[in-house]
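> Quick note on our numbering: the sequence shown kicks off at 940 and runs consecutively. Every residue, glycine too, gets a C-beta built ideally from N, C-alpha and C. Please read these numbers as outputs of a predicted model, since none were measured by experiment.
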Amino acid sequence: MSAPLRIRSLEIFPLAIPMRVRFEHAAATRSTADPVVLRLQAEAPYAGEYGHGETLARRYVTGETDATVIDDIIHLFIPHLLEFRPRSFAEAVEFVHELPSLVEGRLVNAARCAVELAVLDLAGRVFGRRLAAVSGWLDLPGFGPPGCIKQARYSGVVVGSTPGKLARFLRMQRCYGLRDFKIKVAVEGWEERLATAHRVLARGLDRGDVTLRADANGGWSLDEALAAAPTLERHGVCALEQPLSTNDDDRLPELARATTCDLIADESLLTLEDADELIAAGGVRVLNIRLAKVGGLLPALRIARRALAAGLDVQLGCLVGETSILTAAGAAFLEVCPSVRFVEGAFGRFLLRKDVTWEPLRFGRGGRFKPPSGDGLGLKVSERALRRVATTPIPAMQL
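1) Which runs of the beta strand (DSSP E), 3 residues or longer, sit entirely within the stretch 1173-1247?
2) So does the stretch 1254-1273 actually touch the stretch 1225-1239, counting three or more Cβ pairs closer than 8 Å?
3) Nearest CA to the CA of THR1331: which residue from ARG969, ALA955, ILE946 and SER948?
4) CA-CA distance, ALA1329 and ALA1197?
5) What three-state label does DSSP hand SER1263 in the structure shown?
6) Can you give, in chain order, each stretch of the beta strand (DSSP E) that sits fully within the stretch 980-1062 and has at least 3 residues?
7) Pick from PRO1311, ARG1307, ILE1242 and GLU1172: whose alpha carbon is nearest that of GLU1130?
8) Is the CB-CB distance between LEU944 and VAL1065 below 7 Å?
9) Spatial neighbours of ALA1220 within its chain, please: CB distance less than 8 Å, with the 5 preceding and 5 following residues excluded, ordered by chain position.
10) Let me know the secondary structure DSSP gives LEU954 once reduced to three states.
11) Among residues of its own chain, excluding the 5 on either side of PHE1028, which ones have a beta-carbon nearer than 6 Å to its beta-carbon?
12) Throw me the rounded Cβ distance for the GLY1284 and TYR1093 pair, which I believe falls under 8 Å.
13) On a CA-only basis, which of VAL960, GLY1128 and LEU1056 is nearest VAL1096? Give me that one, please.
14) Taking the straight line between their C-alpha atoms, what separation do you get for HIS991 and PRO1310?
15) Determine contact between the stretch 1302-1322 and the stretch 995-1011, defined as no fewer than three beta-carbon pairs at a distance below 8 Å.
16) Please state whether the Cβ-Cβ distance between LEU1318 and THR1296 is less than 7 Å.
17) The alpha helix (DSSP H) spanning ASP1154 covers which residue range?
18) What three-state label does DSSP hand LEU1133 in the structure shown?
19) With a 10 Å radius around its C-beta and 16 neighbouring C-beta atoms as the bar for buried, classify LEU1021 as buried or exposed.
20) Which residues in the same chain have their Cβ closer than 6 Å to the Cβ of LEU1117, if we skip the five residues on either side of it in sequence?
21) For the candidate residues PHE1108, ASP1294 and GLU950, whose alpha-carbon lies nearest to that of VAL1058?
22) May I ask you to report which of helix, strand or coil DSSP gives ALA1285?
23) Among GLY1175, HIS1174, LEU1194 and PRO1169, which has the Cα closest to the Cα of GLN1181?
24) Excluding five sequence neighbours on each side, which residues of the same chain lie with their C-beta closer than 6 Å to the C-beta of ASP1011?
25) Assuming contact is defined by CB atoms lying nearer than 7 Å, are ILE1242 and ALA1214 in contact in what I supplied?
26) Using the Cα positions of GLY1086 and VAL1054, report the straight-line distance between them to the nearest angstrom.
27) Reducing DSSP to helix, strand and coil, say where LYS1089 ends up.
28) Following the continuous beta strand (DSSP E) through PHE1120, name the residue where it begins and the one where it ends.
29) Got a sec, what are the start and stop residues for the alpha helix (DSSP H) PRO1299 sits in?
30) Measuring CB to CB, does PRO1277 end up less than 7 Å from GLY1081?
31) Among all the DSSP beta bridges, which residues are the ones paired with ASP1252?
32) Drop a sphere of 10 angstroms on the beta-carbon of TYR999, count the other beta-carbons inside from all chains shown, and report buried for 16 or more, exposed for fewer.
33) If you follow the beta strand (DSSP E) that ALA1335 is part of, which residue opens it and which one closes it?
34) To the nearest angstrom, how far is the alpha carbon of ARG1045 from that of ARG969?
Here it is in structure tokens:
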């Protein structure tokens, strides 16, 4: 039997990475990526092995911030990590399964995601398993490698400060073979941007080999969404993400009856219980699963199973500014989940001016993606790169 794996030390890196494109939506505007990366080092006899996890905190989604994530890792999750002594990858998965997502009524999903991924990455490296191997220890019928990774196609985005720039950027993405696109609405000027996107994508939309979906980030009331629906439909939008505030989830069935756009739940979906409520209420056609939002890979797969079993579609979402660490975790999700309708993320250096791995990940032509083949997340994270883009690293803590 293998010697138990223990964690020797822990470091936290809050990052600030300049982005090549400025993103704006109803809840926030950002031009700098702000991930938090957790680095775990193994104790002897596995000294020299490291595991990395990443998260992004959004106050308007889970109520968390970079500061609360760091505080929760230190004060809430370190006591759990002190008990981490698996002798196999299966035992590491069981340990991760027990990590909390809710503490005294407060969600800690973003912090949990960083811890879960770092633990699974470290255990995978030590015990020679890829992250997709978690499916072997989860009760998820129909889930497991190769999943839908070969069929999955990452999406493009509709951005641009002027109609001309928006059109040029869209044409570049189409020339690269991307076929699914997402535009932000419920912000000033969205109608003009949508009209420009429709002109560029019209031929593909008419043929049915291009899709366009819209994301309101909860920025509309029901009346505003009802008023916007004809414009969205006229310009070829097939799906509308988070049209209403999370306080108005009970109005989604009414909106669904009034539009041909499939409704996607995003900010309304944080837990498995949320998924159950959305499924039971009806109205929503797609569940947008973002790893940092729902607490990591294991919760994401459970939500996906619940959605597919209910006949709903799944979208693998992302938070703007993810590095290759979360990209690799998303790829593991695709290697396990049997069906995904839309896929976001993996922009890599297309979006970020810097990354933190020796070989940064990003999607290829046509939105296709080849996952890394190594154990754990399959990545080699550069400590030097981490320190170069870190704001104020938390010094290593001995466990």
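So, to answer that:
1) Secondary structure remark: continuous beta strand (DSSP E) runs of at least 3 residues inside the stretch 1173-1247, in chain order: 1176-1180, 1201-1204 and 1223-1228.
2) Enough Cβ pairs lie closer than 8 Å, so yes.
3) Here residue 1331 is taken as the residue at index 392 of the sequence shown, counted from 1. A check of alpha carbon separations from THR1331 across ARG969, ALA955, ILE946 and SER948 identifies ALA955 as the nearest.
4) Residue mapping note: residue 1329 aligns to position 390 of the sequence shown, counting from 1. Residue mapping note: residue 1197 aligns to position 258 of the sequence shown, counting from 1. Rounded to whole angstroms, ALA1329 to ALA1197 spans 47 Å at the Cα level.
5) As a working mapping, residue 1263 is identified with position 324 in the sequence shown. SER1263: helix per DSSP, three-state reduction.
6) As far as the stretch 980-1062 is concerned, its whole beta strand (DSSP E) runs of at least 3 residues are 989-994.
7) Numbered from its first residue, the sequence shown carries residue 1130 at position 191. The shortest C-alpha separation from GLU1130 is found at GLU1172.
8) Residue numbering aside, residue 944 sits at position 5 when the sequence shown is read from its first letter. Residue numbering aside, residue 1065 sits at position 126 when the sequence shown is read from its first letter. Cβ distance < 7 Å, so LEU944 and VAL1065 count as in contact.
9) Counted from its first residue, the sequence shown places residue 1220 at position 281. If we look at ALA1220 and ignore the five residues flanking it on each side, its Cβ neighbours are ASP1188, ASP1189, LEU1191 and PRO1192.
10) Translated into positions along the sequence shown, residue 954 becomes position 15. Strand.
11) What you label residue 1028 is simply residue 89 of the sequence shown in a count that begins at 1. Excluding sequence positions up to five before and after PHE1028, its CB lies within less than 6 Å of the CB of ALA1062, PHE1066 and ARG1068, all in the same chain and listed in chain order.
12) The sequence position of residue 1284 within the sequence shown is 345, counting from 1. The sequence position of residue 1093 within the sequence shown is 154, counting from 1. Yes, GLY1284 and TYR1093 are in contact; Cβ-Cβ is about 7 Å, under 8 Å.
13) To locate residue 1096, count along the sequence shown from 1; it is residue 157. For the residues VAL960, GLY1128 and LEU1056, the minimum Cα distance to VAL1096 belongs to VAL960.
14) Translated into the one-based positions of the sequence shown, residue 991 becomes position 52. Translated into the one-based positions of the sequence shown, residue 1310 becomes position 371. Distance between the alpha carbons of HIS991 and PRO1310: 17 Å.
15) No, because fewer than three Cβ pairs between the stretch 1302-1322 and the stretch 995-1011 fall closer than 8 Å, the two stretches do not touch.
16) Reading the sequence shown from its first residue, position 379 is the one you call residue 1318. Reading the sequence shown from its first residue, position 357 is the one you call residue 1296. Yes, the pair counts as a contact, with Cβ atoms nearer than the cut-off.
17) Looking up residue 1154 in the sequence shown gives position 215. Looking at the DSSP string, ASP1154 is not in any alpha helix (DSSP H); the run it does join, the beta strand (DSSP E), is 1150-1154.
18) By 1-based counting over the sequence shown, the position of residue 1133 is 194. Of the three classes helix, strand and coil, the one that applies to LEU1133 here is helix, per DSSP.
19) In the sequence shown, counting from the first residue as 1, residue 1021 sits at position 82. LEU1021 comes out exposed.
20) Start at 1 with the first residue of the sequence shown, and residue 1117 comes out as number 178. Within the same chain, LEU1117 has close Cβ partners GLY1095 and GLY1306.
21) In the sequence shown, residue 1058 corresponds to position 119, counting from 1. The alpha carbon of VAL1058 has as its nearest neighbour, out of PHE1108, ASP1294 and GLU950, the alpha carbon of GLU950.
22) For the purposes of this step, residue 1285 is taken as residue 346 along the sequence shown, with counting starting at 1. Taken through DSSP and simplified to helix, strand or coil, ALA1285 comes out as coil.
23) Here residue 1181 refers to the residue found at position 242 of the sequence shown. Residue LEU1194 is the option with its Cα nearest to GLN1181.
24) Taking the first residue of the sequence shown as position 1, residue 1011 is located at position 72. Counting only Cβ-Cβ distances below 6 Å, and skipping sequence neighbours, we find VAL1047 and ALA1050.
25) In the sequence shown, residue 1242 corresponds to position 303, counting from 1. In the sequence shown, residue 1214 corresponds to position 275, counting from 1. Between ILE1242 and ALA1214, the C-beta spacing is below 7 Å.
26) The count along the sequence shown starts at 1 and reaches residue 1086 at position 147. The count along the sequence shown starts at 1 and reaches residue 1054 at position 115. Straight-line measurement puts the Cα of VAL1054 at about 24 Å from the Cα of GLY1086.
27) Within the sequence shown, the letter at position 150 stands for residue 1089. In the three-state reduction of the DSSP assignment, LYS1089 falls in the coil class, being assigned neither a helical nor a strand state.
28) Mapped onto the sequence shown, residue 1120 falls at position 181. First-last of the beta strand (DSSP E) with PHE1120: 1119-1123.
29) Taking the first residue of the sequence shown as position 1, residue 1299 is located at position 360. For PRO1299, there is no enclosing alpha helix (DSSP H), as DSSP marks it with neither H nor E.
30) Locating residue 1277 in the sequence shown gives position 338, where the first residue counts as 1. Locating residue 1081 in the sequence shown gives position 142, where the first residue counts as 1. Yes; because the gap between Cβ atoms is below 7 Å, this pair is in contact.
31) Position 313 of the sequence shown, counted from the first residue, corresponds to residue 1252. DSSP lists VAL1225 as the bridge partner or partners of ASP1252.
32) Taking the first residue of the sequence shown as 1, we reach residue 999 at position 60. That one is exposed.
33) If you number the sequence shown from 1, residue 1335 lands on position 396. Annotation for ALA1335: the continuous beta strand (DSSP E) segment containing it runs 1333-1337.
34) Here residue 1045 refers to the residue found at position 106 when the sequence shown is read from its first residue. Here residue 969 refers to the residue found at position 30 when the sequence shown is read from its first residue. Looking at the two C-alpha atoms, the distance is approximately 26 Å.
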